[in-house]
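Chemist: Numbering (the UniProt record's numbering), first residue to last: 1 to 486. Backbone N, C-alpha and C fix where the C-beta goes; we use that ideal spot for every residue, glycine too. Following this message is one structure expressed as structure tokens.
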Ligand code: BG6
């Protein structure tokens with residue numbers, strides 16, 4: 001096999017590949033994976049020769065023609081480019097289908113062999129498990145038993161367990177067949193351009209990093225409110241809740257990037273090691289510093305238990321006991337049915353030691369000055385908020401900002417969506433933006449006190465910012481949101 005990182009038109013180009021998509025008829029494949037693969041193909045980022053084999057249980061009753069039609073509909077509904085013209089025909093021709101049921105993998109084996117034969121040579125195999133967690137052990141076991149797993153890589157979708165014991169059991173199952181360096185635990189937040197840019201911001205510039213510590217930063221907020229409700233996903237959400245769905249996954253991973261020490265190099269090993277060290281330093285969560293909320297109409301949603309205790313909102317304080325962050329609280333918030341959908345990291349800076357300006361003029365800025373705000377919506381922007389002198393004879397201060405917006409500085413047409421970027425990285429064998437087994441297990445370990453002793457859920461109105469107690473949680477600071485920028 002050749003080196004994975006061979007140069008292509010727009011950067012490294014993966015080796016020839018057979019991608020096997022388990023859960024090919026599911027929601028994720030429809031919304032993200034099939035449209036994303038087509039986008040990568042159109043952008044010339046897929047290998048020279050590749051095939052995509054869709055797989056699902058035989059009762060999905062899908063053959064290759066049915067799968068192609070399913071993919072066309074998915075791309076038409078959710079893709080950025082329409083499924084038409086030569087680009088689509090070329091892509092469609094790479095799609096085939098092989099059913100797989102426990103103990104009955106023959107149709108899939110045949111489809112993979114045919115695909116490999118069509119490509120020729122010795123293509124790599126990439127298995128993407130877009131299936132519910134209860135199906136993981138069976139699929140992984142069959143991949144091992146049939147020999148399909150040999151030399152192949154595995155993309156695993158969250159949730160990576162629901163607590164420490166289940167995460168360990170899952171890792172054990174996976175490691176029984178795939179070595180850790182062939183496992184790609186996907187977290188689509190880490191594929192967002194602006195999240196990756198946190199690394200560039202911190203380590204490619206001379207003026208941020210010197211103040212990126214407890215001497216200058218008073219607190220940090222990682223805030224991901226969502227406007228959407230559970231959108232008919234009661235079956236999934238009831239057993240999961242916001243803490244497991246959003247916090248222990250996406251928000252903790254972002255915290256890892258914001259808080260990490262400079263890595264020895266910009267490679268997967270160093271980045272993962274530094275992120276894991278942050279997780280090691282995380283103080284076990286204190287339930288007294290957690291607000292669990294539930295939007296008022298949640299219990300009326302179809303499929304939801306009328307007495308449900310599942311949280312649709314979580315806000316919490318995280319402490320990182322290391323030299324850089326000791327005494328600097330990190331406040332995390334995410335929830336459904338909130339006032340806005342945003343993705344924000346806010347670093348609040350300490351006040352200058354001397355208060356020589358009139359207090360009322362400082363307050364005029366609504367407490368939003370003295371902060372660096374990273375909006376990691378795609379395409380994102382970064383705003384430094386500070387105080388400046390208002391023009392006029394008096395020394396009055398007003399709020400001012402300096403903003404970097406991706407769209408003003410760069411052509412974002414070539415930007416990839418989170419999933420696209422990460423699938424490409426998995427094909428290249430680059431684990432930098434994927435989470436390690438140790439990291440995940442440590443996060444569940446630190447979460448144990450909360451999971452064992454969750455505070456009761458508090459109701460909040462749809463369209464609000466969560467239960468009122470979030471203000472006590474963050475006191476003496478204030479939530480940066482809502483701001484006036486949307
Ligand atoms: C998913 C969660 O992982 O992320 C969803 O399961 C959530 O509940 C989604 O809505 C948010 O992703 P994004 O990229 O739209 O912010």
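1) Tell me whether the beta-carbon of residue 324 lies closer than 8 Å to the beta-carbon of residue 214.
2) Mapping DSSP to helix, strand and coil, what is residue 101?
3) With the cut-off set at 8 Å, would you say residue 35 and residue 14 are in Cβ contact?
4) Does the Cβ-Cβ distance between residue 123 and residue 428 come in under 8 Å?
5) Do the region 284-294 and the region 367-378 touch if we need at least three Cβ pairs shorter than 8 Å?
6) Decide yes or no for the touch test of the region 151-171 against the region 43-57: beta carbon pairs closer than 8 Å, at least 3 of them.
7) For residue 150 and residue 144, I'd like the C-alpha separation in whole angstroms.
8) Leaving out five residues before and five after residue 274 in sequence, what residues of the same chain have Cβ atoms less than 6 Å from its Cβ?
9) For residue 178, which residues of its own chain have a beta-carbon under 7 Å away from its beta-carbon, when the five flanking residues on both sides are left out?
10) Considering only DSSP beta bridges, list what residue 211 is partnered with.
11) What residues match up with residue 20 in a beta bridge as DSSP calls it?
12) Could you tell me the distance, in whole angstroms, from the CA atom of residue 216 to the CA atom of residue 350?
13) Using the beta carbon as the reference atom, which residues fall closer than 7 Å to any heavy atom of the ligand BG6, ordered along the chain?
14) Is DSSP giving residue 477 helix, strand or coil here?
15) If you count every other CB in all the chains shown that lies within 10 Å of the CB of residue 53, and 16 or more means buried, which is it?
16) Quick check on residue 226: buried or exposed, where buried means 16 or more other Cβ atoms within 10 Å of its Cβ?
17) Out of 375, 249, 241, which one is the CA nearest neighbour of residue 336?
18) Do you know offhand how far residue 103's Cα is from residue 142's?
19) Would DSSP call residue 90 helix, strand or coil?
20) Where residue 339 and residue 37 are concerned, what is the direct C-alpha to C-alpha distance, given to the nearest angstrom?
21) Work out the CA separation of residue 206 and residue 27 for me, nearest whole Å.
22) Under a Cβ-count criterion, where at least 16 other Cβ atoms within 10 Å of its own Cβ denotes burial, should residue 246 be classed as buried or exposed?
23) Counting only the same chain and skipping the five closest in sequence on each side, list residues whose C-beta sits under 8 Å from that of residue 453.
24) For residue 140 and residue 131, which I take to be in contact (beta-carbon distance under 8 Å), what is that distance rounded to the nearest angstrom?
25) Grab me the residues of residue 176's own chain with a C-beta within less than 7 Å of its C-beta, minus the 5 sequence neighbours each way, in chain order.
26) Tell me which residues share the same chain as residue 116 and place their Cβ nearer than 7 Å to its Cβ, disregarding the 5 neighbours each side in the sequence.
27) Fully enclosed by the region 98-183, which alpha helix (DSSP H) runs are 4 residues long or longer?
28) State the start and end residues of the unbroken beta strand (DSSP E) segment that holds residue 386.
29) From residue 477 to residue 315, what distance separates their C-alpha atoms?
30) Which same chain residues, not among the five before or five after residue 235, have their C-beta less than 7 Å away from its C-beta?
31) Quick check on residue 312: buried or exposed, where buried means 16 or more other Cβ atoms within 10 Å of its Cβ?
32) Where do the ends of the alpha helix (DSSP H) carrying residue 407 lie?
33) Rounded to whole angstroms, what is the Cα-Cα separation between residue 487 and residue 479?
34) Quick check on the DSSP output: what are the complete alpha helix (DSSP H) runs of length 4 or more inside the region 438-472, in order along the chain?
35) CA-CA distance, residue 33 and residue 188?
36) Is it true that the CB of residue 380 sits closer than 8 Å to the CB of residue 193?
Modeler: Concretely, from the data shown:
1) Numbered from 1 along the chain shown, position 324 holds the residue referred to as residue 324. Numbered from 1 along the chain shown, position 214 holds the residue referred to as residue 214. Yes, Cβ-Cβ distance for residue 324 and residue 214 is below 8 Å.
2) Here residue 101 is taken as the residue at index 101 of the chain shown, counted from 1. In the three-state reduction of the DSSP assignment, residue 101 falls in the strand class.
3) To locate residue 35, count along the chain shown from 1; it is residue 35. To locate residue 14, count along the chain shown from 1; it is residue 14. Cβ distance not < 8 Å, so residue 35 and residue 14 don't count as in contact.
4) Taking the first residue of the chain shown as position 1, residue 123 is located at position 123. Taking the first residue of the chain shown as position 1, residue 428 is located at position 428. Contact flag unset, no.
5) With a cut-off of 8 Å, the region 367-378 and the region 284-294 do not count as touching, because too few Cβ pairs lie within range.
6) Output reads no: the region 43-57 does not touch the region 151-171.
7) Counting from one through the chain shown, the residue named residue 150 turns up at place 150. Counting from one through the chain shown, the residue named residue 144 turns up at place 144. Cα-Cα distance, rounded: 8 Å.
8) Position 274 of the chain shown holds residue 274. 260, 261, 263.
9) As a working note, residue 178 is residue 178 in the chain shown. The residues are 149, 154.
10) Counting from one through the chain shown, the residue named residue 211 turns up at place 211. None; residue 211 has no bridge partner.
11) Counting from one through the chain shown, the residue named residue 20 turns up at place 20. Under DSSP, the beta-bridge partners assigned to residue 20 are 53, 127.
12) Sequence index remark: in the chain shown, residue 216 carries index 216 (1-based). Sequence index remark: in the chain shown, residue 350 carries index 350 (1-based). Rounded to whole angstroms, residue 216 and residue 350 show a C-alpha spacing of 5 Å.
13) Residues with a Cβ closer than 7 Å to any heavy atom of the ligand BG6, in chain order: 158, 188, 189, 224, 226, 228, 245, 246, 249, 250, 343, 418.
14) Working through the chain shown from its first residue, we reach residue 477 at position 477. Three-state result, residue 477: coil.
15) For the purposes of this step, residue 53 is taken as the residue at position 53 of the chain shown. Result: buried.
16) Here residue 226 corresponds to residue number 226 of the chain shown, with the count starting at 1. Buried, since its Cβ has 16 or more Cβ neighbours within 10 Å.
17) Sequence index remark: in the chain shown, residue 336 carries index 336 (1-based). The candidate whose alpha carbon is nearest that of residue 336 is 241.
18) As a position in the chain shown, residue 103 is number 103, starting the count at 1. As a position in the chain shown, residue 142 is number 142, starting the count at 1. Computed Cα separation, rounded: 8 Å.
19) Indexing the chain shown from 1 puts residue 90 at position 90. In this structure, residue 90 counts as helix in the three-state DSSP scheme.
20) Taking the chain shown and counting its residues from 1, the one referred to as residue 339 is at position 339. Taking the chain shown and counting its residues from 1, the one referred to as residue 37 is at position 37. When rounded, the distance between both Cα atoms is 33 Å.
21) Taking the chain shown and counting its residues from 1, one reaches residue 27 at position 27. Taking the chain shown and counting its residues from 1, one reaches residue 206 at position 206. Residue 27 and residue 206: Cα-Cα distance of roughly 44 Å.
22) Along the chain shown, one-based indexing puts residue 246 at 246. The residue is buried, with at least 16 neighbouring Cβ atoms inside 10 Å.
23) Position 453 of the chain shown, counted from the first residue, corresponds to residue 453. Here the set comprises 287.
24) As a working mapping, residue 140 is identified with position 140 in the chain shown. As a working mapping, residue 131 is identified with position 131 in the chain shown. The distance from the Cβ of residue 140 to that of residue 131 is about 10 Å, inconsistent with a contact at the 8 Å cut-off.
25) Position 176 of the chain shown, counted from the start, is the residue given in the question as residue 176. Closer than 7 Å at Cβ, skipping near neighbours: 144.
26) Walking along the chain shown from the start, residue 116 turns up at place 116. Cβ contact annotation for residue 116 (same chain, cutoff 7 Å, sequence separation greater than five): 18, 123, in chain order.
27) With a minimum length of 4 residues, the continuous alpha helix (DSSP H) runs that stay inside the region 98-183 are 106-119, 136-145, 164-175.
28) Reading the chain shown from its first residue, position 386 is the one you call residue 386. Judged by DSSP secondary structure, residue 386 falls within the beta strand (DSSP E) whose first and last residues are 381-389.
29) Numbered from its first residue, the chain shown carries residue 477 at position 477. Numbered from its first residue, the chain shown carries residue 315 at position 315. Looking at the two C-alpha atoms, the distance is approximately 14 Å.
30) Stepping through the chain shown from its first residue, residue 235 is reached at position 235. Excluding five sequence positions before and after residue 235, the CB atoms of its chain that fall closer than 7 Å to its own CB belong to 303, given in chain order.
31) Looking up residue 312 in the chain shown gives position 312. It is buried - the Cβ of residue 312 has at least 16 other Cβ atoms within 10 Å.
32) If you number the chain shown from 1, residue 407 lands on position 407. Judged by DSSP secondary structure, residue 407 falls within the alpha helix (DSSP H) whose first and last residues are 406-409.
33) Look at the range of the chain in this structure, 1 to 486, and you will see that residue 487 is not part of it.
34) Counting whole runs of 4 or more residues, the region 438-472 contains no alpha helix (DSSP H) stretch at all.
35) One-based indexing of the chain shown puts residue 33 at position 33. One-based indexing of the chain shown puts residue 188 at position 188. Between the alpha carbons of residue 33 and residue 188 lies a distance of about 11 Å.
36) Numbered from its first residue, the chain shown carries residue 193 at position 193. Numbered from its first residue, the chain shown carries residue 380 at position 380. Yes.
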